[in-house]
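Colleague: First the structure, then my questions, so here it is.
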Amino acid sequence: MPWTAHLVLAAAVAGVVAARPPCAVAQQEPSSIVIVTGQQATLPVPTLMEGPQATLANNEISDHLFLRLAAIGPELVTSGDRGFQPQLARSWSRRDSLTLVFELDPRARWHDGAPVTARDVTFTLKRAQDRSIAPRLASVTARIARVEAEGDRRVVFRFREVYSEQLYDATFHVPILPAHLLDGLGPSSSAWSAFAGRPVGSGPYRWVRREEGQFIELAANHDFFLGRPGIERVIVRVAVSSDARINLLLAGEADAMDNIPPPTTNLARVEAAPSLRLVPVPSNILGYLLFNQREPGHRDRPHPILADRDVRRALIMALDRDLLIRAVLGPYGHVPFGPVSSQLWIRHGAPRHSRQDQSTARRLLAGRGWVDRNGDGIRENRDGAPLSLRLLVSSSSVARGQMAAIIQEQVRQVGVHVDVVRVEPAVWIERRTSGDFDIDFSSANLDPSPSGLAYSWSCGGPGNVGGYCDPGADSLLQLATASPKADRGLWHSFLRRVEENSPAAFLYAQTFVFAVNRRFREVSIRPVSSWSALWRWPPPGS
Amino acid sequence: MTAWLARRITQAVVTFGVAVALMFVLMRLAPGDPLSRMQEDRMMDPAEIAKTRAIFKLDQPIHRQFAAFVKGVLRGDLGLSIEHGLPVNTLLASRIGPTLLLGGATILLNFTLGLWLGVRQAVRRGSREDRTLTALSLAGYATPSFWLGLVLAWLVGIKLHWLPVAGMQSPLLAPDAPWLARAADIGAHLVLPALTLSIVTIAGTMRYQRAALLEVLRLPYIGTARAKGIPERAVIWRHAWRNALFPVITLFGLWLPLLVTGAVFVEMVFAWPGLGSLAAGAALGRDYPLVMGTALLAAGLVVTASLLTDVAYALLDPRVRYT
Amino acid sequence: MNPVVDALARSWRDPRGRAGAIMLGAIAAGAAVGPIFLPDPLAQPCVLECRNLAPSWAHPFGTDDLSRDILSRVATGGRISLAVATLAVGLSVTLGAAMGLVAGYWGGTVDAGLMRLVDAALAIPRLFLLLLVLAVWDQVPMPVLIVLIGVTGWFGTGRLVRGEALRLREESYVRAAEALGANRRRIIFRHLLPNTAGPLLVAATLGVGDVILLEAGLSFLGLGVPLPTPSWGGMILDAKSLLFTAPWAGIFPGLAIVMTVLSANLFGDALRDAVDPRGA
Amino acid sequence: MTRVLDVENLRVSFPDTGKNRVYPVDGVSLSLDRGETLALVGESGCGKSLTSLALLRLVPSPGRIEEGSAIRLGGTDVLALQGEALRKIRGRRIGMIFQDPMTSLNPVFTVGNQIAEGVRAHFDVSKSEAWQRALKLLEEVGIPDPAARLDSYPHQLSGGMRQRVMIAIALSAEPEILVADEPTTALDVTVQAQILEVLDRLRDSHGMAVLLITHDLGIVAGRADRVAVMYAGQIVEEAPTDRLFARPSHPYTQGLFASVPRITGPVGRLSPIGGSVPPPGAWPGGCRFRPRCPQAFEKSETMPPLLPVETDHRMRCWLAENGADASD
């Protein structure tokens, strides 16, 4: 029993020394890339990415493995038939305003060698439109009436109505699955687990392995019909904490990282590393303060303070949104006009946002009877009730937390008291959806299509939790959506109408900042599906 | 002894059951919904919400859910994680190894070094060494683990390039690499997280060991041992330390579970694929099946640790009665 | 003389005790009086131009990433952190000692019952317990926060004390006292309590740091001290991303915690010697 | 007669408040011949236990033995020893029995283990041989069924049995001197007699010198060859036992005798000494017994040296100068 102290120390020291690897720094082979990301891809298989699995991480892995009929072009225009690039479909044409015909590329092959056929497309769309399998896909493809194969290489899509985003709906939502491997499996998702564990696609990369909680490894598909990928191995590494991700990047254990999150100090660290290059990429993130126009707890009553448009406007005027962005996002974000992310094609040509104007804000508030009557610096109404509001913030975001502190201080300067209520994400969502807030610090992940705006900004929109309703704006929205061409002017008049009504203070449209090791010379990162062009990158050093 | 052990094990099982039931209720009482995590970034269609609810039986009353859960547990099936879409069994199985590895390494480091230093401090009580060690260990203790982890990762990983900064294995190392190379790789990844956890927890071990040994060193039988002429080292380690081990055994029992679910920050900072961060994520996302799975595992560990503590007492202290 | 006064007086005579007491007193006084003379801890005088400033005469501890003065934040945060920590630790140590002594000394069903309770409570990760509280309170009032931390914090101490009591009740002097017919209260207070003072004081002094850091974790969940009131734990958490650009934003509240823990420990050590009946 | 132990001017100090130090043992000199029994008598707190600990250099920290003290074991200067050499004298040259058998045995080791450990610390013997000796020692100290007792834990034994085990431990390395610090205080009267009987027997059979430390004059008579009385860190009177019992000379010694109930003497009231031994920091200047002494006079305000009363009989009291002792 008397094991001596020295022995113990010796053992501890020996352990530490032995644990040192023969070569500590990752030995990087020339044609591999390690991408570090924050979320684990769990089920990167089209039509299975439903409900909880509809994550960005799943989408990004899926986009390496599976191809669509066509991809959105660099302009990100979702309306009309022009802005798209061929993928599985070599070309497409219209029979009439309700019918689209796709010609499949005869060179397209699955990873197991089988050719991609029209049957694969009809099989996939059938699954996607089945509400019991994929309710999300079914609802976004609801306007597709029929999908039929004409021979092995031709697919015909019939639509229920005439609208501008037919091609977008036919191609964007569902990458194509191999029918010959899946047809016999039945619809239940558990029968799919073998396939999900080793998915077979038609994309530039094929599946190699997954280490649960650590990484996924993909290898180049040498027979890829659009060209052989330059980089042999793609490893997508998971680190939930952004600190760990940045460390991996700085230590050279990862070559690339998506979206370096605010605060700006993170960016500064990466920028200072000589081996790394920052790549700004437009994002679909929109941050805004949503004003509740209904009283919390009593959805049938107007909000005692915020139902007043002038008060909402005054609050927006009180904010210096440019400062907010510079302080928290640095150069990587701008103040949007209306609910428009930096990825949405309708942002081009939109009017400029209004600037901070504290005197107008004060005048507006005073005009509505909000005056500081007791000298405490906070305004009161005629009954002496203070102009005090609760700002609901999710504790999961550092950036929003910081902005909330600045906002609190900025509105205090015009005599408005704001309590920041920081709650954990699950609680935040529950409060938000049940309308239990005065002001909600929302952060939305918008669709690349502006038609999604109806979800939150139309009277009956399922995501309209603030009780904003303007029939005039709704009809403008309908007009813009139905137009067969990409018509920015129509969209802009809708946005102007929204800004006028001020249902929210639109704070920032974020630009993501990716970091890539400089040994990769030619780098192109696509918005919407960041790494989908990775296969075109030349190998490093070439 | 056998009867005592049997009774003690029965108690353990009861405790386990109570804890699990309690957690089930707690989790359901907490506000928030398992679907909220997904809605955070993305607007969900009502049909999609309804379907997901049905899949995970969230639309049923709580007692039904509990019954289904218990039935599943008895069959050894913990259900499907809502967020990960994988069976909870699979998730736990993939995380338990890394967790035990990190926890084991930390406990080993903590207890070997902590006990040894605590004894040194007690023996040299009041010396400059004692004071310095106290100050250092408390400084380590009061340092937030994520802070220390980040500094260590920066210094050792980024500046010096001695050790990897995060993860458990290098993804570039082929899975069919020689056994030794893979072990060395994992070992290298283990050093920083284990060191961080040890530094922030070692003060506890040292302080308890020091206090306990000081208590014992004043007892007359230490005088007897010295007067016998046995070497001082034997006096300390054989006579005093054996008796000063009891509070430390309790501490050990308390830490075992803590190292399983309590290492959240360190696991995050070092991207260690352990249970702590899995459990935290599950609780925050209200991923009920996964929460219950990790809770089951944690409760099992606590109960086992407590059992082992009692057995260790009984084995080490001849005076404890088996009643 | 009153034994408490006596013990305090004796620890004051001990240089360690005096150093600890002076340091604790200085920290507490700084927290109590400091904010009166310091700038507003919430003011953001110039968000872009004077954030993350290194320590200087104008800002002895520098400024944080919203240009707020860190010295005033540390002082103001100290009020909250110290109050929460001392009260919560006091509560949990008292509870732990009481439960541990009762369980360890009575033994039998009382012990079994209490220990099962402790096991069950310890088996539930604290995070889950705290989530429950979210269900009940919207914005947690400070006294509730304190009670909450105290009540969820005694299990470990209880187990520790119970282990000691279990061992001590076999000691001859306790048995002798029992044989002499001393009643249970006397045995517990005269014989068991003083002899568990060592581990108890360790638990208490370490607990202070624990609670301050726990409070940081709670802020992260939206459960901690309501914003924008600064607290040491919350400041450290916020300063995480500034570690390499403006380290002072975390170092100073961190130092405050270390100093508090250290001085509490010094004082605790001296106090332990002072109350030890076997002391010289 | 061979001198086995010589202690000269032993001073042990402890830090007090500030930089001051106190001297609970303050200039003690004593000696011990082979086979001789010396009783060191005094109230608790007078420094007698500390004196015995000092013999083995076991003064607890932060106490220390002051410069100028001397302890010689035969030819060995104990105060010059370090490390291994110091360890070699503990148990081997001087065996020690402590006061409280309840707490002086390690609760987590068996009796056999604790005795054999003492054997193996000093003799190069195998484990089984050490256990054989342990068994023999248990027999010698009169423990019934010693073979079974080897595997007992201390808490399974009675107080008397434990004290016998303590004696066995003290004798395990066959020391030439046995220091017994209040060996019977914690025991009840019938057991006391048995333990003393064991001690006497072993002293005679092993030819050891014994330093018997006690507050109980009753056990000194007929057992010790000489008696030294200690008060407040000093020896105040020293004489052969019969002479001291016949003529206790120092007022303190007289007080001690007066507080012992005697069967032989006239039945009268016990007259205990008023007050108690003051703590080391509070000793008065001059004769330290002065505040409690019924016979104190002016000269008592200076410290008296040990003055001869008669041959081999000395005391630390100015009354000795008068040639007359206080009993007259």
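Protein chains in written order, with this note's numbering: chain A, 1064 to 1605; chain B, 524 to 846; chain C, 28 to 307; chain D, 30 to 357. No residue lacks a Cβ here, since even glycine has one placed at the ideal position from N, Cα and C. The structure presented is a predicted model; accordingly, all values stated were derived computationally and were not measured.
Under 8 angstroms, CB to CB, which of the residues in the stretch 602–619 of chain B have a partner in chain A?
Modeller: The stretch 602–619 of chain B vs chain A, Cβ under 8 angstroms: I605, E606, H607, G608, L609, T613, L614, S617, R618.
Colleague: For R95(C) and A59(C), I'd like the C-alpha separation in whole angstroms.
Modeller: Between R95(C) and A59(C), the C-alpha separation is close to 19 angstroms.
Colleague: Buried or exposed: L1597(A), going by 16 or more other Cβ atoms within 10 Å of its Cβ?
Modeller: Flag for L1597(A) reads buried.
Colleague: What's the call for C75(D), buried or exposed, on a 16-neighbour Cβ count within 10 Å?
Modeller: C75(D) is buried by the Cβ-count criterion.
Colleague: Terminal residues of the continuous alpha helix (DSSP H) containing Y132(C)?
Modeller: 97–133 is the span of the alpha helix (DSSP H), which, as asked, contains Y132(C).
Colleague: Less than 7 angstroms between C-beta atoms, sequence neighbours within five positions excluded: which residues of the same chain meet that for R531(B)?
Modeller: Counting only Cβ-Cβ distances below 7 angstroms, and skipping sequence neighbours, we find L830, D833.
Colleague: Against chain B, with Cβ distances strictly below 8 angstroms, would T80(D) count as a contact?
Modeller: Chain B, which has no Cβ nearer than 8 angstroms to the Cβ of T80(D), makes this no.
Colleague: Compile a chain-ordered list of the residues in the stretch 673–689 of chain B whose CB is closer than 8 angstroms to at least one CB of chain A.
Modeller: Hits within the stretch, in order: L673, A676, W677, G680, I681, H684, W685, L686, P687, V688, A689.
Colleague: Would you report the Cα separation of R100(C) and S1512(A), rounded to the nearest angstrom?
Modeller: Their backbone Cα atoms lie some 46 angstroms apart in a straight line.
Colleague: DSSP on Q263(D), reduced to helix/strand/coil?
Modeller: In the structure shown, Q263(D) sits in a strand (DSSP, three-state: E or B).
Colleague: Less than 7 angstroms between C-beta atoms, sequence neighbours within five positions excluded: which residues of the same chain meet that for A1120(A)?
Modeller: Cβ within range, chain order: T1100, Q1102, Q1103, A1104.
Colleague: So what's S329(D) in DSSP terms, helix, strand or just coil?
Modeller: Three-state DSSP puts S329(D) in a helix.
Colleague: Taking the alpha helix (DSSP H) that P62(C) falls in, what are its first and last residues?
Modeller: Per DSSP, P62(C) belongs to the alpha helix (DSSP H) from 42–64.
Colleague: Suppose the cutoff is 6 angstroms on Cβ atoms and the five residues either side in sequence are ignored; what does the same chain contact list for R186(C) look like?
Modeller: Taken in chain order, the residues that qualify are V145.
Colleague: Taking DSSP as the reference, what is the three-state secondary structure of E37(D)?
Modeller: Correct three-state label for E37(D): strand.
Colleague: Counting along the chain, where does the beta strand (DSSP E) carrying Y1571(A) start and finish?
Modeller: First-last of the beta strand (DSSP E) with Y1571(A): 1567–1580.
Colleague: Between the alpha carbons of G799(B) and L819(B), how many angstroms are there, rounded?
Modeller: Computed Cα separation, rounded: 13 angstroms.
Colleague: Which runs of the beta strand (DSSP E) spanning at least 3 residues fall entirely within the stretch 1458–1505 of chain A, listed in chain order?
Modeller: Listed in chain order, the complete beta strand (DSSP E) runs (minimum 3 residues) inside the stretch 1458–1505 of chain A are 1480–1486.
Colleague: So, at 8 angstroms on beta carbons, what are the nonlocal neighbours of M546(B) in its own chain, with the 5 sequence-adjacent residues on each side left out?
Modeller: The answer, listed in chain order, is V814, M815, A818, A822.
Colleague: Compute the Euclidean distance between the alpha carbons of I278(C) and G620(B), then round it to the nearest angstrom.
Modeller: Cα to Cα, the separation comes out at about 35 angstroms.
Colleague: My understanding is that V1301(A) touches F1575(A), with C-beta atoms under 8 angstroms, so please give their C-beta distance in whole angstroms.
Modeller: No, V1301(A) and F1575(A) are not in contact; Cβ-Cβ is about 18 angstroms, not under 8 angstroms.
Colleague: Buried or exposed: W84(C), going by 16 or more other Cβ atoms within 10 Å of its Cβ?
Modeller: Exposed is the call here.
Colleague: If you reduce the DSSP assignment to three classes, tell me which class Y182(D) lands in.
Modeller: In this structure, Y182(D) counts as coil in the three-state DSSP scheme.
Colleague: Can you list the alpha helix (DSSP H) stretches of 4 or more residues lying completely in the stretch 142–203 of chain D, in chain order?
Modeller: Counting whole runs of 4 or more residues, the stretch 142–203 of chain D contains the alpha helix (DSSP H) stretches 156–169, 175–178, 188–200.
Colleague: Just the C-alpha distance for G1535(A) and R1145(A), rounded to the nearest angstrom, thanks.
Modeller: Going by the C-alpha atoms only, they are around 30 angstroms apart.
Colleague: Would the beta-carbon of D1168(A) fall within 8 angstroms of that of F1288(A)?
Modeller: Result yes, Cβ atoms of D1168(A) and F1288(A) sit closer than 8 angstroms.
Colleague: Cα separation between R319(D) and V739(B)?
Modeller: Those two C-alpha atoms are separated by around 39 angstroms.
Colleague: Beta-carbon of D840(B) versus every beta-carbon of chain C: anything under 8 angstroms?
Modeller: Answer yes: the Cβ-Cβ gap between D840(B) and chain C drops below 8 angstroms somewhere.
Colleague: Starting from the C-beta of G1266(A), find all residues in its chain whose C-beta is less than 6 angstroms away, skip the five residues before and the five after it, and write them out in chain order.
Modeller: Within the same chain, G1266(A) has close Cβ partners H1127, L1128, F1129, L1130.
Colleague: Could you pull out every residue in the same chain whose Cβ sits closer than 8 angstroms to the Cβ of I54(C), ignoring the five residues on either side in sequence?
Modeller: Closer than 8 angstroms at the Cβ level, and outside the excluded window around I54(C), lie G105, L109, A283, M286, T287, S290.
Colleague: Quick one: what's got a C-beta closer than 6 angstroms to F1186(A)'s C-beta in the same chain, skipping five residues either side?
Modeller: The answer, listed in chain order, is A1242.
Colleague: Along chain A, in chain order, which residues have C-beta atoms closer than 8 angstroms to that of F271(C)?
Modeller: Here the neighbours are T1328, R1332.
Colleague: Taking the C-alpha atoms as reference points, what is the distance between R149(D) and F271(C)?
Modeller: Roughly 60 angstroms between the two C-alpha positions.
Colleague: Pull up the distance between the alpha-carbon of A1089(A) and that of A1331(A), whole angstroms please.
Modeller: Low confidence applies to A1089(A): its pLDDT is 44, below 50, so where it sits in the model is not reliable enough to give any reading.
Colleague: Taking contact to mean at least 3 C-beta pairs separated by less than 8 angstroms, is the stretch 539–555 of chain B in contact with the stretch 1158–1177 of chain A?
Modeller: Segments in contact, no.
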